[in-house]
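Asks: Right, I'll just put the structure down here and ask away after.
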Amino acid sequence: MEILWIASAFAAGMAAKFIKMPTLVGYLAAGLVLAVAGVESSDLIKSVGDLGVMLLLFTVGLHINLRSLIQPQVLGVGLIHIAVSAVVFGVLLVGFGFAPLAAVLIAISLGFSSTVLTAKSLDARKELDSYHGRLAIGILILQDVIATLLLAVAGGSSPSWWAAGLLVLPFLRPVLIQIMYAVGRDELLLIFGLLLTVGSGWLFELVGLDAKLGALLVGMLLAGDVRSDELYDKLWALKEVFLVGFFLQVGLGGLPDSRSWMMIGILLLILPLKGILFFILMVRFQLRARTSFLSSVSLTAYSEFALIVAAGAAASGLIDNQLVVAIGVLVAISYALNAPVSRGVNELWARFESFLTQFETDGPHPDHEPRSLGAADYVVLGMGRAGTAAYDYLIEQGKRPVGLDADPAAIQRNLTEDRRVIYGDANDPELWTDLDLSNLEGVLMTLSNVNAEASAAENLRKEGFTGYITALLRYEENKQLLQNAGVSVSFLPISQAGRELAQACLGQETSWIPDQPT
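Here the working numbering runs 75 ahead of the position in the sequence shown, where the first position is 1.
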């Protein structure tokens, strides 16, 4: 039986990938096909699915940075959107016969957007570090925090008095981080993550709380540490594999009945309004139309958390299992609808820019592009390690550089180190519009995304810039792409490091400065 599940999931996942759909759509479809063929679920597939959900929540917790929530645009847009969605979906669900508590739980969760789909879409377009990408992720984090409360209520069990002892968990953070560093970076780090995920779930169940809630909260304990990012990367693929079990399990519940299909149809008709509401709220919070549009498209899908909350409510007897299947189909269809739109979102913006910019509010925007470069004669695009090194070297040579970055944290860090850095999104074609480029001698690009570098170079040339444009090159095969975009010189850091390493061994002069003994 196990080989049948794995083979079906693989075949359906490949089919979904072939037609450029999220693979999770394929896994759910595989479960539905197996259900129609008479295959039933089992304790094994349920256990695999439950572990997948716990790993998802644990990894979400690892990336929850509460400081990213303390922004008017995140708090305001996120909370108002959830409140409006809860009212609209709640009235609709009550009309379909849901009990009041179940209607409230499911209605709030339907207001959530997909963490998995949004993160994958942004990552595929290399826009996770853009302003609109960070805004979307911030709203998702806010939704994830609210989801923890819903999971606690949906669990249906009453916590014991021993649950108060969990208040000591925050004090264990230093100990857990010390252990995380002690285990190193190999398979022990992966096992440590699994132990925390399963152990936290067991502990929370022991005191009458939901195991999934425990996984998320313990993940949050480790958030913010550098090693937690490595743990996240270690668990990512494992989480994806176990989540296949969850979607198969939902699909094995069978096809929705006619009444459920009617509900699915109505909720899909409402889906575009979800994105429109995001857009309206964002522009009302002083964001530019471009930022609002790109973020809204990324967030316009129903969330896997709606399915998780529904599964918890069904386990507690609040709703029927048939409704869990219906919500699973709804989530999968919303993924399928969002995927092609997200892939072409930049082309859509170019087509509708003149119409959408009419909705921008007057006054300063937190995501505005620079209006002046001042007396700068060089621009460093991307102020990470390579960018700051380039900036400092230009200062040493008596130049007047300015740094551009789309990461508010990177901007603030460089400002505290007395570098002149301002906001600038390399993916934005309006970055160089209306700027006086006549004083610029050169532009240095140190971005991790070669497409963003190529786009920035093309837009610079379109604005009439004739000076030098240099760029970091990660892969030799991308060299022609940068040259065609107008990049004067590109550098492959690994090749340069290898040459200087060989020069050092031959006793030749290099630009490398050896570490001084301490």
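For glycine and all other residues, C-beta sits at the position ideal for the given N, C-alpha and C. As the structure is a computational prediction, the values presented were derived from the model and not from experiment.
1. Can you tell me which of 577, 240, 520 puts its alpha carbon nearest to the alpha carbon of residue 549?
2. What is the DSSP secondary structure of residue 480, counted as helix, strand or coil?
3. Between the stretch 383-403 and the stretch 354-373, do three or more beta carbon pairs fall short of 8 Å?
4. Please give the ranges of any alpha helix (DSSP H) in the stretch 186-250, keeping only runs that are unbroken, at least 4 residues long and fully inside the region.
5. Between which two residues does the alpha helix (DSSP H) harbouring residue 335 extend?
6. Expressed to the nearest angstrom, what Euclidean distance is found between the alpha-carbon atoms of residue 292 and residue 439?
7. For the candidate residues 235, 318, 265, 250, whose alpha-carbon lies nearest to that of residue 281?
8. What does DSSP give as the partner residue(s) for residue 566 in the beta ladder?
9. At what residue ranges does the stretch 112-186 contain a whole run of the alpha helix (DSSP H), taking only runs of 4 or more?
10. Going by the beta-carbon positions, is the gap between residue 557 and residue 525 smaller than 8 Å?
11. Under three-state DSSP, which class holds residue 517?
12. Taking only three categories from DSSP, how would you classify residue 408?
13. Within the same chain, show all residues whose beta-carbon is closer than 8 Å to that of residue 561, passing over the 5 residues directly before and after it, in chain order.
14. Do residue 326 and residue 109 have their beta-carbon atoms positioned less than 8 Å apart in this structure?
15. How many angstroms separate the CA atom of residue 274 from the CA atom of residue 214?
16. Please report the straight-line C-alpha distance between residue 466 and residue 346, rounded to a whole angstrom.
17. Starting from residue 468, follow the beta strand (DSSP E) in both directions and report where the run begins and ends.
18. Could you spell out the range, first to last residue, of the beta strand (DSSP E) harbouring residue 454?
19. Taking residue 186 as the reference, give the member of 198, 225, 96, 175 with the closest Cα.
20. Roughly how far, in whole angstroms, is the beta-carbon of residue 353 from the beta-carbon of residue 156, given that I think they are within contact range, below 8 Å?
21. Classify residue 377 as helix, strand or coil using the three-state DSSP reduction.
22. What distance in whole Å lies between the Cβ atoms of residue 268 and residue 289, which are believed to be in contact at a cut-off of 8 Å?
23. Applying the criterion that 16 or more other CB atoms from any shown protein chain within 10 Å of the CB defines a buried residue, is residue 136 buried or exposed?
24. Determine the burial state of residue 181: buried for a count of at least 16 other Cβ atoms within 10 Å of its Cβ, exposed for fewer.
25. Distance, Cα to Cα, residue 411 vs residue 189?
26. By the DSSP assignment, the beta strand (DSSP E) with residue 497 in it spans what residues?
27. What beta strand (DSSP E) runs, 3 residues minimum, are completely inside the stretch 278-307?
28. Is residue 226 a contact residue of the ligand GDP, with contact defined as CB to any heavy atom under 7 Å?
29. With DSSP as the reference, label residue 80 as helix, strand or coil.
30. Would you grab the beta carbon distance between residue 597 and residue 441 for me? Rounded to a whole angstrom, and I think it's under 8 Å.
31. Suppose you measure from the CA of residue 243 to the CA of residue 117; what does that come to, to the nearest Å?
32. My output table needs one value for residue 507: the three-state DSSP class, helix, strand or coil.
33. Excluding the 5 residues flanking residue 90 on each side, which residues of the same chain have their C-beta closer than 7 Å to its C-beta?
34. Near residue 546, what residues of its chain come up, given a Cβ to Cβ distance below 6 Å and the 5 sequence neighbours on each side ignored?
35. Inspect the beta-carbon positions of residue 178 and residue 323 and report whether they are closer than 8 Å.
36. Can you tell me the Cα-Cα spacing of residue 405 and residue 498, whole angstroms?
Replies: In short:
1. 520
2. strand
3. no
4. 190-199, 206-229
5. 333-359
6. 37 Å
7. 235
8. 547
9. If we require 4 residues or more, the alpha helix (DSSP H) runs fully inside the stretch 112-186 come out as 118-137, 147-170, 175-185.
10. yes
11. strand
12. helix
13. 532, 533, 535, 536, 544
14. yes
15. 29 Å
16. 46 Å
17. Looking at the DSSP string, residue 468 is not in any beta strand (DSSP E); the run it does join, the alpha helix (DSSP H), is 460-471.
18. 453-456
19. If we check each option's Cα against that of residue 186, 225 comes out closest.
20. 6 Å
21. Under the three-state reduction of DSSP, residue 377 is assigned to coil, being neither helix nor strand.
22. Taking C-beta atoms under 8 Å as the contact rule, residue 289 and residue 268 fail to qualify, at a distance of about 14 Å.
23. So residue 136 counts as buried.
24. The residue is buried, with at least 16 neighbouring Cβ atoms inside 10 Å.
25. 12 Å
26. 496-498
27. none
28. The ligand GDP is not part of this structure, which contains no ligands at all.
29. In the structure shown, residue 80 sits in a helix (DSSP, three-state: H, G or I).
30. The requested residue 597 does not occur in the structure, where the chain is confined to residues 76 to 593.
31. 37 Å
32. coil
33. 101
34. Excluding sequence positions up to five before and after residue 546, its CB lies within less than 6 Å of the CB of 520, 528, 557, 562, 565, all in the same chain and listed in chain order.
35. At a Cβ-Cβ threshold of 8 Å, residue 178 and residue 323 do not count as neighbours.
36. So the alpha carbons of these two residues sit roughly 39 Å apart.
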